[in-house]
Structures are given as structure tokens and as C-alpha cells.
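**Student:** Submitted below is the structure of interest, expressed as C-alpha cells.
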Amino acid sequence: MKALLALGLAAGLIGCTQAPTSPAGVYILSTADMSIVLDVRPGGDYVLQTSGPGRNTDEIRGSWHEEVGQALSVSFSGVVWRGTEPEAGEGTWSTTIDRDAQICLDGEGINCFFRNDVS
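Pasting the structure below:
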């Protein structure tokens, strides 16, 4: 009986330490020129908004889907990137969400969205 209780407690602790399985949430990337907010919504839709001093707020809407793999990977349809500038387009942006709940546009981790709603 004690072994069963210990097993149940261990399973509960493991469940608490695992990263969230859903990429849904609000992610923010801020640079000197602009702020980009990526709202990944449950159900497969996203909204990406860019704003900054002296510019109008632009909005791109599209769909996303999770990809099976060792890391949490997501593909966003309808957006292409030119450096740190998003544009609506026919492309697909595939990315990985790392353990720190960030999505990076580059391999160096310099231009990264950080999840705003991580508790």
C-alpha cells in the first residue's frame, strides 16, 4: 500500500514539473523600433500585431498547428519574416518553443518572443 501511495505521489510531482503541452498563450518581442505581440489561441488561430513609435499597428491573422517531435514545435501559416519584420504572405513559419517559453527568430537567441502569461 505504501509503495502504491509513493508511486502516486511521484507521478503527481512529475506532472507538476513538465512544461505545458499547449503553445497557446501571449508572446511578446520588443525591440528599439517596435513591439510584436503574438497571441496563440486555443483552437488553432493566432493574431500577430506589430506597433511602434511613428507607425500604425499592423495585424496578421492565420492558423497554427503543433508538430510532433521531441520539442514543442509549432507551424504558423500566413506569415513570413524579413529579419525581425513580419509580413503577411503565403509562407509558413515553423518554430520551436523552448523550456523557458520563448520563441526565437534566430539561432543566437537574440530576437525572441517571451511568453507573457507564464506563471
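Numbering (the working numbering), first residue to last: 37 to 155. Where a beta carbon is used, it is the ideal one built from N, C-alpha and C, also for glycine.
#1: Report the CB separation of I72 from L108 in whole angstroms; it is logged as a contact under 8 Å.
#2: Evaluate contact between the region 93 to 102 and the region 135 to 147, counting only Cβ atoms and requiring at least three cross-stretch pairs below 8 Å.
#3: So A124 and V110 are supposed to be a Cβ contact under 8 Å. How far apart are they, rounded?
#4: DSSP has G61 in a bridge; who is on the other side?
#5: Who pairs with D94 in a beta bridge, going by DSSP?
#6: Jot down the residue ranges of each uninterrupted beta strand (DSSP E) in the region 98 to 131, minimum 3 residues, whole runs only, in chain order.
#7: Just how far apart, CA to CA, sit E103 and A68?
#8: To the nearest angstrom, report how far apart D153 and Q85 are at their CA atoms.
**Tutor:** Reading from the atomic positions:
#1: That pair is no contact at about 20 Å.
#2: no
#3: Between V110 and A124 the Cβ distance is about 18 Å, and since that is not below 8 Å, they are no contact.
#4: Listed as beta-bridge partners of G61 by DSSP are V76.
#5: Answer is T86.
#6: Runs found: 108 to 118.
#7: 32 Å
#8: 17 Å
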